[in-house]
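Engineer: Input: one structure, supplied below.
There are 2 protein chains.
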Amino acid sequence: MTGNPLPFSLRQLQYVRAIAETRNFRQAAERCAVAQPSLSAQLAALEAALGVRFFERDRRGVILTPAGEALLQRVNRVLTEASELREEAKHFRDPLAGPFRLGVIPTMAPYLLPKAVPALREAFPKLVPQWVEDRTATLVAQLQQGRLDGALLALEAELQDLETTTLGRDHFLLAVPKGHAFAKGRKPIRIHALEGERMLLMDDGHCLRHQALAACREVGMEELEFRATSLPTLVQMVASGIGVSLLPEMALAMEAGRASLVLRRLADPVPYRTVVLAWRRGSHAAVALKKIAKLLRNMRHFVQ
Amino acid sequence: MTGNPLPFSLRQLQYVRAIAETRNFRQAAERCAVAQPSLSAQLAALEAALGVRFFERDRRGVILTPAGEALLQRVNRVLTEASELREEAKHFRDPLAGPFRLGVIPTMAPYLLPKAVPALREAFPKLVPQWVEDRTATLVAQLQQGRLDGALLALEAELQDLETTTLGRDHFLLAVPKGHAFAKGRKPIRIHALEGERMLLMDDGHCLRHQALAACREVGMEELEFRATSLPTLVQMVASGIGVSLLPEMALAMEAGRASLVLRRLADPVPYRTVVLAWRRGSHAAVALKKIAKLLRNMRHFVQ
DNA sequence: GCATTTGATAGAGATTAACTATCATGACCG
DNA sequence: CGGTCATGATAGTTAATCTCTATCAAATGC
Numbered sequence: 006m007t008g009n010p011l012p013f014s015l016r017q018l019q020y021v022r023a024i025a026e027t028r029n030f031r032q033a034a035e036r037c038a039v040a041q042p043s044l045s046a047q048l049a050a051l052e053a054a055l056g057v058r059f060f061e062r063d064r065r066g067v068i069l070t071p072a073g074e075a076l077l078q079r080v081n082r083v084l085t086e087a088s089e090l091r092e093e094a095k096h097f098r099d100p101l102a103g104p105f106r107l108g109v110i111p112t113m114a115p116y117l118l119p120k121a122v123p124a125l126r127e128a129f130p131k132l133v134p135q136w137v138e139d140r141t142a143t144l145v146a147q148l149q150q151g152r153l154d155g156a157l158l159a160l161e162a163e164l165q166d167l168e169t170t171t172l173g174r175d176h177f178l179l180a181v182p183k184g185h186a187f188a189k190g191r192k193p194i195r196i197h198a199l200e201g202e203r204m205l206l207m208d209d210g211h212c213l214r215h216q217a218l219a220a221c222r223e224v225g226m227e228e229l230e231f232r233a234t235s236l237p238t239l240v241q242m243v244a245s246g247i248g249v250s251l252l253p254e255m256a257l258a259m260e261a262g263r264a265s266l267v268l269r270r271l272a273d274p275v276p277y278r279t280v281v282l283a284w285r286r287g288s289h290a291a292v293a294l295k296k297i298a299k300l301l302r303n304m305r306h307f308v309q
Numbered sequence: 006m007t008g009n010p011l012p013f014s015l016r017q018l019q020y021v022r023a024i025a026e027t028r029n030f031r032q033a034a035e036r037c038a039v040a041q042p043s044l045s046a047q048l049a050a051l052e053a054a055l056g057v058r059f060f061e062r063d064r065r066g067v068i069l070t071p072a073g074e075a076l077l078q079r080v081n082r083v084l085t086e087a088s089e090l091r092e093e094a095k096h097f098r099d100p101l102a103g104p105f106r107l108g109v110i111p112t113m114a115p116y117l118l119p120k121a122v123p124a125l126r127e128a129f130p131k132l133v134p135q136w137v138e139d140r141t142a143t144l145v146a147q148l149q150q151g152r153l154d155g156a157l158l159a160l161e162a163e164l165q166d167l168e169t170t171t172l173g174r175d176h177f178l179l180a181v182p183k184g185h186a187f188a189k190g191r192k193p194i195r196i197h198a199l200e201g202e203r204m205l206l207m208d209d210g211h212c213l214r215h216q217a218l219a220a221c222r223e224v225g226m227e228e229l230e231f232r233a234t235s236l237p238t239l240v241q242m243v244a245s246g247i248g249v250s251l252l253p254e255m256a257l258a259m260e261a262g263r264a265s266l267v268l269r270r271l272a273d274p275v276p277y278r279t280v281v282l283a284w285r286r287g288s289h290a291a292v293a294l295k296k297i298a299k300l301l302r303n304m305r306h307f308v309q
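Chains as they are written, first to last, in this note's numbering: chain A, 6 to 309; chain S, 6 to 309.
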């Protein structure tokens, strides 16, 4: 059991090292920036606590006892470890340095991260982001357990015990296969025009599913059996003519290139999801996350 | 440079470890045998000193920050090293334990050590004697430099700054080759009878040389050119008929067996050398050395 | 709701470590 | 020899630190 109180202090060990190196109490005291009697007293206290004499104080000078010689190595190891602790702590002083566990939902990750990761690296080179991709509920739970420092979410409502900062609105576009009735024209399409369409949605648990449903809640549509587990898959399904879907704008750049897919703007009120950066209330990472949020906002992936 | 003052204490690190393990300030405080506010205060002080937050204190419980997680390993290493220092110190608490650097002069070593080493091991099993064989002057210098803890010497005079305890008197015998005039008879021989003999002596620097010369100082004798560098060699020279010599009694058991050597007792006043155990005045080892001396005296290698 | 538990805070008290001044001893040097 | 310098130890006081009890605000749990 190593949990007993330690009968000595780091300062005493520093004194021992200083004495061993200078072989002179006064010089050692000067190096430690204390008066010589203080050093004498602390050494005496340490020797009493350990029951071991480190030095013989003789007119001839200061001599290490065999025990002192052996223990000096331990003393140095303790001090080295302590010193490294202090140095390593320095690296964590900067809130924008060190490991940073960030979550992101799957319907944003493939569109946001390719640009966000390099941007973060450039802006905060000492930051070491560790990305975790999972659904909202899982990320929120991990945030609250302290297993994540922050998460990129698309919020419907305020989340209890989480602070958030809005990064912007991500408008929904209508995705239809080439040849579909809506594939032609340029005017914004009204949601109600989708009445009777076959709708492709994300799998349960993906917030995008609920948001899309909410956007169309007053529109009678048929939901297809198939539920996508990833947005690229969903887009692929639309492109192959199975149905239509709502696609967030941030996916535009990456998904619009498909030959058999047509994306149409929606008319006011344009449905959207609110992209936020969330963290535990009172999290140590709050300062850093606010700066990260600012950076992400400036990337203009979405309307602000 | 690692010599800067360390801005934290071992106790604070123990608090951190206790909190990290219990995830509960009160339990941690109890384990550390302090009141909870003390622990809170010390943790706050540590975090302030390092500029790093170890824990998030949340209604949900105590959560390690990433920095805390990383630094906790350092904390544990410091505490482990400190703990091992304390444990190792225990082994040195017993004055009769641990390494013990002992000197012995060459004219005693081969006769004393074969019996003394096992006896020491049996009496003080935790003692780890490290024997050094050298001449008196060298041993005394090493004692004074703190490179030896004690030394077995044959003293002529008090040695400055050294404390000694007498182990006994080692009487001198006359060694002559078989066939020599003194080889016959059993009566003690008077020193003066050696007038005109060819005397074999140890090399310069060996105290035995000076002691033998002192014993014969009023007797006119011829010193042979050859000076022995070891006592067994000297005995061998005598046995081969080159001359006579004075041999300390402690060599009797080992050297008397030679067929061509005869040992005769000397008449009163029998010359002798005083065998002592010596150490630095104020040496940490004094207590142990006195016990070692007692053991050696009881071995009755010599007259007490 | 109400009792319980969480960690933080305030202020007093006790402990610890620091300081200055001085001492005893031995080394060094003329 | 005798004075000067250096050593580390000691005494007594002051300053800093740590810990204590008592209490608070907030959240949990039945």
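We put the beta carbon where it would ideally sit given N, CA and C, even for glycine.
(1) For residue 202 of chain A, which beta-bridge partners are listed by DSSP?
(2) Could you please tell me which residues of the stretch 198–211 of chain S, in chain order, have their CB closer than 8 Å to any CB of chain A?
(3) For residue 97 of chain S, return the contacting residues in chain A, with the cut-off set at a CB-CB distance below 9 Å.
(4) Distance, Cα to Cα, residue 16 of chain A vs residue 61 of chain A?
(5) Whole angstroms is fine: what's the gap from residue 278 of chain S's alpha carbon to residue 221 of chain S's?
(6) When the Cα atoms are used, what is the spatial distance from residue 73 of chain S to residue 297 of chain S?
(7) Is any beta-carbon of chain A found at less than 8 Å from that of residue 14 of chain S?
(8) Taking CB distances under 8 Å as the criterion, tell me whether residue 298 of chain A reaches chain S.
(9) Answer yes or no: does any C-beta atom of chain A fall closer than 8 Å to that of residue 80 of chain S?
(10) For residue 158 of chain A, which residues of its own chain have a beta-carbon under 7 Å away from its beta-carbon, when the five flanking residues on both sides are left out?
(11) In the DSSP assignment, the beta strand (DSSP E) including residue 231 of chain A goes from what residue to what residue?
(12) Compare the C-beta of residue 293 of chain S against all C-beta atoms of chain A and say whether one is closer than 8 Å.
(13) Out of A/166, A/84 and A/63, point me to the one whose CA is closest to residue 23 of chain A's CA.
(14) Is it true that the stretch 189–203 of chain A meets the stretch 146–156 of chain A, where meeting means three or more beta-carbon pairs spaced less than 8 Å apart?
(15) Can you tell me where the beta strand (DSSP E) holding residue 250 of chain A begins and where it ends?
(16) Looking at C-alpha atoms only, which residue of S/66, S/77, S/129 and S/43 is the closest neighbour of residue 1 of chain S?
(17) Look up residue 115 of chain S in the DSSP assignment and say whether it is helix, strand or coil.
(18) Counting only runs of 3+ residues fully inside the stretch 48–77 of chain S, write out the beta strand (DSSP E) ranges in chain order.
(19) Going along chain A, which residues have a C-beta under 7 Å from residue 288 of chain S?
(20) Contact criterion: CB-CB distance below 8 Å. Does residue 7 of chain S meet it with respect to chain A?
(21) Quick one: what does DSSP say residue 39 of chain A is sitting in, helix, strand or coil?
(22) By the DSSP assignment, the beta strand (DSSP E) with residue 264 of chain A in it spans what residues?
(23) Should the stretch 170–188 of chain S be regarded as contacting the stretch 248–255 of chain S, the criterion being three or more beta carbon pairs within less than 8 Å?
(24) Would residue 120 of chain S and residue 259 of chain S qualify as a contact pair, given that the criterion is a beta-carbon distance under 8 Å?
(25) DSSP beta-bridge partners for residue 175 of chain A?
(26) What runs of the beta strand (DSSP E), each 3 residues or longer, lie entirely inside the stretch 78–110 of chain S?
(27) Could you tell me whether the Cβ atoms of residue 200 of chain A and residue 226 of chain A are closer together than 8 Å?
(28) Report the residues of the stretch 154–172 of chain A with a CB closer than 9 Å to any CB of chain S, ordered along the chain.
(29) Give the residues of chain S in contact with residue 31 of chain A, contact being defined as C-beta atoms less than 9 Å apart.
(30) Could you tell me whether any Cβ in chain A is nearer than 8 Å to the Cβ of residue 89 of chain S?
(31) Can you give me, in chain order, the residues of the stretch 253–270 of chain S that have a beta carbon less than 7 Å from any beta carbon in chain A?
(32) Distance cutoff 8 Å, beta carbons only. Does residue 223 of chain A sit that close to anything in chain S?
(33) In angstroms, rounded to a whole number, what distance separates the CA positions of residue 152 of chain S and residue 266 of chain S?
(34) Measure the alpha-carbon distance for residue 118 of chain A versus residue 274 of chain A and round it to whole angstroms.
(35) Flag residue 35 of chain S as yes if its beta-carbon sits less than 8 Å from any beta-carbon of chain A, otherwise no.
(36) Less than 7 Å between the CB of residue 219 of chain S and some heavy atom of the ligand FMN, yes or no?
Structural biologist: The answer reads as follows:
(1) Residue numbering aside, residue 202 of chain A sits at position 197 when the first sequence is read from its first letter. For residue 202 of chain A, DSSP assigns no beta-bridge partner whatsoever.
(2) So nothing in the stretch comes that close.
(3) As a position in the second sequence, residue 97 of chain S is number 92, starting the count at 1. Here the neighbours are 55, 56, 57, 58, 70, 71, 72, 73, 75 and 76.
(4) Locating residue 16 of chain A in the first sequence gives position 11, counting from the first residue. Locating residue 61 of chain A in the first sequence gives position 56, counting from the first residue. Roughly 20 Å separates the two Cα atoms.
(5) Position 273 of the second sequence, counted from the first residue, corresponds to residue 278 of chain S. Position 216 of the second sequence, counted from the first residue, corresponds to residue 221 of chain S. Distance between the alpha carbons of residue 278 of chain S and residue 221 of chain S: 13 Å.
(6) Sequence index remark: in the second sequence, residue 73 of chain S carries index 68 (1-based). Sequence index remark: in the second sequence, residue 297 of chain S carries index 292 (1-based). As the crow flies, the alpha-carbon of residue 73 of chain S is around 52 Å from that of residue 297 of chain S.
(7) Numbered from its first residue, the second sequence carries residue 14 of chain S at position 9. So, interface residue.
(8) Position 293 of the first sequence, counted from the start, is the residue given in the question as residue 298 of chain A. Against chain S, the CB of residue 298 of chain A has no partner CB under 8 Å away; the residue lies outside that interface.
(9) Here the question's residue 80 of chain S lines up with position 75 in the second sequence. Cβ-Cβ to chain A under 8 Å: yes for residue 80 of chain S.
(10) To locate residue 158 of chain A, count along the first sequence from 1; it is residue 153. The answer, listed in chain order, is 110, 141, 144, 281 and 283.
(11) Taking the first sequence and counting its residues from 1, one reaches residue 231 of chain A at position 226. Unbroken beta strand (DSSP E) run through residue 231 of chain A: 227–233.
(12) Here residue 293 of chain S is taken as the residue at index 288 of the second sequence, counted from 1. Residue contact check for residue 293 of chain S against chain A: no CB pair falls below 8 Å.
(13) Position 18 of the first sequence, counting from 1, holds the residue named residue 23 of chain A. Residue 23 of chain A has its Cα closest to that of A/84, out of A/166, A/84 and A/63.
(14) Taking 8 Å as the limit for Cβ pairs, the verdict is that the stretch 146–156 of chain A does not touch the stretch 189–203 of chain A.
(15) Along the first sequence, one-based indexing puts residue 250 of chain A at 245. For residue 250 of chain A, the enclosing beta strand (DSSP E) begins and ends at 250–253.
(16) The structure shown has nothing for residue 1 of chain S, since chain S only spans 6 to 309.
(17) Taking the second sequence and counting its residues from 1, one reaches residue 115 of chain S at position 110. Residue state, collapsed to three classes: helix.
(18) Entirely contained in the stretch 48–77 of chain S, the beta strand (DSSP E) runs reaching 3 residues are, in chain order, 60–63 and 66–69.
(19) Locating residue 288 of chain S in the second sequence gives position 283, where the first residue counts as 1. For residue 288 of chain S, the C-beta contacts it makes with chain A under 7 Å involve 61, in order along the chain.
(20) The residue you call residue 7 of chain S lines up with position 2 of the second sequence. Any reading at residue 7 of chain S needs caution, since the residue's pLDDT is 44, under 50, leaving its predicted position unreliable; the model's value is listed next. Chain A, which has a Cβ nearer than 8 Å to the Cβ of residue 7 of chain S, makes this yes.
(21) By one-based count along the first sequence, residue 39 of chain A stands at place 34. The answer is coil: DSSP assigns residue 39 of chain A none of H, G, I, E or B.
(22) Here residue 264 of chain A corresponds to residue number 259 of the first sequence, with the count starting at 1. From DSSP, residue 264 of chain A is part of no beta strand (DSSP E); its letter is neither H nor E.
(23) Yes, since at least three Cβ pairs between the stretch 170–188 of chain S and the stretch 248–255 of chain S fall closer than 8 Å, the two stretches touch.
(24) Taking the first residue of the second sequence as 1, we reach residue 120 of chain S at position 115. Taking the first residue of the second sequence as 1, we reach residue 259 of chain S at position 254. Taking 8 Å as the cut-off, the Cβ atoms of residue 120 of chain S and residue 259 of chain S do not count as close.
(25) Locating residue 175 of chain A in the first sequence gives position 170, counting from the first residue. A/278.
(26) Correct list: 103–109.
(27) To locate residue 200 of chain A, count along the first sequence from 1; it is residue 195. To locate residue 226 of chain A, count along the first sequence from 1; it is residue 221. The answer is yes: Cβ separation under 8 Å.
(28) Answer in chain order: 154 and 166.
(29) Along the first sequence, one-based indexing puts residue 31 of chain A at 26. In chain order: nothing, as chain S lies at least about 16 Å away.
(30) Looking up residue 89 of chain S in the second sequence gives position 84. True, the Cβ-Cβ gap to chain A drops below 8 Å.
(31) For the stretch 253–270 of chain S, no residue has a beta-carbon sitting nearer than 7 Å to a beta-carbon of chain A.
(32) By 1-based counting over the first sequence, the position of residue 223 of chain A is 218. No, no contact with chain S.
(33) In the second sequence, residue 152 of chain S corresponds to position 147, counting from 1. In the second sequence, residue 266 of chain S corresponds to position 261, counting from 1. Approximately 39 Å, taken between the alpha carbons.
(34) Here residue 118 of chain A refers to the residue found at position 113 of the first sequence. Here residue 274 of chain A refers to the residue found at position 269 of the first sequence. Rounded to whole angstroms, the gap between the alpha carbons of residue 118 of chain A and residue 274 of chain A is 28 Å.
(35) The sequence position of residue 35 of chain S within the second sequence is 30, counting from 1. By this cut-off, residue 35 of chain S is not an interface position.
(36) For the ligand FMN, the structure offers nothing, since it holds no ligand at all.
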